[in-house]
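Everything below concerns the one structure shown next.
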Amino acid sequence: MTIFEQPLVKAVGAKAAKRLAALDLETAGDLLRHYPRRYAQRGELTDLDSLAEGEYVTVLAEVEKIQGRKISKRPGYLLEVTVTDGRGLLTLTFFGKGAYIPERELPPGTHGLFAGKVSFFGSGRHLKRQLVHPEYKPLAGGDLAGAAREFAEELIPVYPAAKGVTSWQIADCVRILLDTADLGDDALPEHVRRRHRLIGLSDAYQGIHRPRDMAEAGRARKRLKWDEAFVLQTALARRRRAAAELAATPRPPAAGGLLAAFDARLPFDLTEGQRAVGDEIAADLARTHPMHRLLQGDVGAGKTVVGLRAMLQVVDAGGQAALLAPTEVLAQQHHRSIVAMLGPLAQAGQLGGAEHATRVALLTGSQGAKARRAGLLDAASGAAGIVVGTHALLQEHVQFADLGLVVIDEQHRFGVEQRDALREKATGGRPHVLVMTATPIPRTVAMTVYGDLDTSALTQLPAGRSPIATHVVPSGNRAYWDRAWERIREEAAKGRQAYVVCPRIGDEEPSSSPDDVPEDGPEDDGARRPPLAVLDVAPKLTEGPLHGLRLDVLHGRMHPDDKDAVMRRFAAGELDVLVATTVIEVGVDVPNATVMVVMDADRFGVSQLHQLRGRVGRGRHAGLCLLVTDAVEDSKARERLDAVASTLDGFELSRIDLEQRREGDVLGESQSGRQSSLRLLTLLRDEEIIKEARAEATTLVEADPELRDHPALAAELATLVDEERAEYLEKA
């Protein structure tokens, strides 16, 4: 057992270990990696007459008098120590039993340093400055000014703390460890340390917990960031090596098949970007190990066509493709659009079907028994080359004849476990995987930078797509508020349509549909009003600013047939305004819709807002997205909305999202960063370290895949990648 695995009860004692457990610190390693979040200095030396209320100060002074007395109220004892710098006076106030200690240690005539926050009490001529329960350090003879300066300039580590355990108690426990522990062999190879000018392990822990100056703390942080990056990159390098050895059935392009026929019937030319990305995917599909590629493209960049061409290549090669969509509305939309794009190519076995046609099956949770049986049979028999569905595809009784490709639309709605469940349905080795998204979740952005995910990007908008203007609308500004509804009326007068999006269904729903939960929005702090709801907003709009317009609602608790009927009416132009939840977030394609108003926009996350506004501007008319909010300027929520309004670049928005949420645990299930195994390393600030560590780790793993020559690194890796995380990596 290394010192890092030693239980804290042995390292610092039972009493301290019990306190530290409040922070989930159980081992010496946990404590040593509980790094200071900042460093405080006790402050500039200040003369007593210049002290201002609320300042945190350090003063050098002499004890002039000391007076303690019992008081009737709790805590029962009050000690007042009056100190002077020869000009002014300052009162040090101590309460309770602890006051007996400074009473003994600070007799009159003692010189000392006193640090704390200045407050005032009394009034008029009796107004006094005081420090309540200050830190203090008695000084005995010598260079008092020099000692004062040293005390004042000392860096004080400030740790994340919790109820029952203070920052200085954590510091005391860390000091015990650093004074007594042998940190063992260094996991970072010497040649790596030398090449990148990194200090040793012991110096790094001393430097981050007890730095002499900020330069030493900086050197320590750099070294410990390298530790995190290098161990993580070693885990990912071993994973990439193992993935390269996994078997997958190659699905090379076939001449004269479905894909060629589909390309020939397309009514438009593919963009240069679509062709280039298509070539990358086609090459991946032809290999004997599984593709794992992210297709990122802004809303409307033509990802669906690229994904469909990949699916057709697999069908041409004798396999099947599954398209996993997050909602029933989107699954139905995908099914309809794929069938429409393929035309006779999707009508195998039907009158009018093409010679080399296939079938496109649909599987959702709410299908009728007859339609579901037909879909299951088509998937299991192989008659359906393409199977489109929701989470229903993950159920055990859904079988495929030869699943060769899994296409996941908007991966921020699916966890690793769900994606793995679908991949496990392949029988001839692992299927290829293509993930399509407009705004990758922070964890996915992290995986691309960490080098564990191949990425393709579509940056060109297809011909016919119009720009989208986005503006933040303060709900408290009446003029802006009225103008938002006027814009909808103006567009409706021109025969165009609008969405109004609300974060909640309403009617005191007992639980929310997955369609309606903002997956990356901020948590409600409990003090705000409830989010606006579809069922409340719709009638107010009908009776108020949108009176006379044709308006209907759409949300996740409606019966699927009713949802489909409303969407069909909206798509047919029979409605002017659709008041909806995020059920319309992805895949809904109504080219005539030009305006979107997002109510309580600060309740949504960056990814959702970007997806939502992609529902407008899908035709020849420009799109307008209005983000209505009561968030105040300079707040985090307002910053997020301003960022969304400033760019249409999905990857840039994901990086902004990352700044606020962090990247999640790359080796575990957290997607929001709150439980990340990385303590110091951050993707946006440390890309260069991550890149250099990836190169070093890849070289090392190629030379020594089992890490036999690097036992300390192997031990560190075993601690970071426990059994649960190892299983997660296998699935991811």
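If you're matching positions, the sequence shown starts at 1 in UniProt numbering and goes up one per residue.
C-beta: ideal position from N, C-alpha, C; glycine also.
Here the structure is a predicted model, which is why all the values come from computation and not from measurement.
Endpoints, the beta strand (DSSP E) within which residue i is located
| i | result |
| --- | --- |
| V579 | 577-580 |
| M436 | 432-437 |
| K370 | Here K370 belongs to no beta strand (DSSP E); instead the alpha helix (DSSP H) covers 369-381. |
| Q6 | From DSSP, Q6 is part of no beta strand (DSSP E); its letter is neither H nor E. |
| Q320 | 320-324 |
| T542 | Counting along the chain, T542 falls outside any beta strand (DSSP E), though it belongs to the alpha helix (DSSP H) covering 534-543. |
N-terminal and C-terminal residue of the alpha helix (DSSP H) that residue i is part of
| i | result |
| --- | --- |
| K691 | 687-703 |
| Q332 | 328-342 |
| F570 | 560-571 |
| E639 | 636-646 |
| Y205 | 201-209 |
| T234 | 214-245 |
| G278 | 272-285 |
| A457 | Per DSSP, A457 belongs to no alpha helix (DSSP H); it is in the beta strand (DSSP E), 454-458. |
| S607 | 606-613 |
Nonlocal neighbours in the same chain, by C-beta distance under 7 Å from residue i, ignoring five residues either side
| i | result |
| --- | --- |
| R19 | G164, V165, Q169 |
| V118 | L51, A52, E53, G54, E55, V57, R129, L131 |
| T82 | E64, K65, L89, T91 |
| P705 | R238, R241 |
Counted within 10 angstroms of its Cβ, other Cβ atoms place residue i as buried (16 or more) or exposed
| i | result |
| --- | --- |
| E702 | exposed |
| V632 | exposed |
| T234 | buried |
| R210 | buried |
| M214 | exposed |
| H126 | exposed |
| L246 | exposed |
| D524 | Caution is warranted here: a pLDDT of 41 is assigned to D524, below 50, making its placement in the model unreliable, and no coordinate value can be reported. |
| S456 | buried |
| F268 | exposed |
| residue 737 | Nothing about residue 737 can be reported from this structure: the residues present for the chain run from 1 to 732 only. |
| T427 | exposed |
| R309 | buried |
| P539 | exposed |
| K303 | buried |
Among the options, nearest to residue i - alpha-carbon criterion
| i | options | result |
| --- | --- | --- |
| A242 | H289, L532, R309, A260 | H289 |
| Q501 | K425, E490, A601 | Per the sequence presented here, residue 501 reads as Val, with Gln not at that position. Cα-wise, what sits closest to V501 is A601. |
| M291 | W481, V407, T390 | V407 |
| L707 | V231, E153, L546, T647 | V231 |
| K222 | A693, E716, T699, A715 | A693 |
| G573 | F604, A498, E486 | A498 |
| P545 | L554, G352, A571, A484 | A484 |
| G307 | Q332, L324, D536 | L324 |
| A469 | V595, L201, G556 | V595 |
| T582 | A571, R603, L224 | R603 |
| Y35 | D182, H111, H196, K225 | K225 |
| D182 | P250, I281, A28, E190 | A28 |
| L612 | V598, D634, R240, H621 | V598 |
| H621 | P591, G614, S607, A637 | P591 |
| I156 | S202, K370, R37, L201 | R37 |
DSSP three-state assignment for residue i, whether helix, strand or coil
| i | result |
| --- | --- |
| Y35 | coil |
| P474 | strand |
| M291 | coil |
| C173 | helix |
| K128 | strand |
| Q296 | strand |
| F94 | strand |
| E574 | coil |
| M311 | helix |
| Y100 | helix |
Same chain only: Cβ atoms within 8 Å of residue i, ignoring 5 sequence neighbours per side
| i | result |
| --- | --- |
| A261 | L345, A354, H356 |
| Y77 | G68, R69, K70, I71, F95, G96, K97, A99, Y100 |
| L641 | V472, A601, D602, L609, L627, T629, A631 |
| G122 | K128 |
6 Å CB neighbourhood of residue i in its chain, flanking five on each side removed
| i | result |
| --- | --- |
| residue 796 | Because the chain is modelled from 1 through 732, residue 796 falls outside the range shown and cannot be assessed. |
| V388 | L323, A331, H334, H335, L362 |
| K15 | none |
| A383 | R359 |
| R192 | Note on identity: in this sequence residue 192 is Val, with Arg being the wrong assignment. Closer than 6 Å at the Cβ level, and outside the excluded window around V192, lie E696. |
| V12 | C173, I176 |
| R550 | L575, D576 |
| P531 | P503, R504, D600, R603 |
Beta carbon proximity, residue i to chain C, threshold 8 Å
| i | result |
| --- | --- |
| R550 | Any reference to chain C falls outside this structure, which holds one protein chain only. |
Proximity test, residue i beta-carbon vs the ligand SAM heavy atom, cut-off 7 Å
| i | result |
| --- | --- |
| R569 | Questions concerning the ligand SAM fall outside what the structure shown contains, since it holds no ligand whatsoever. |
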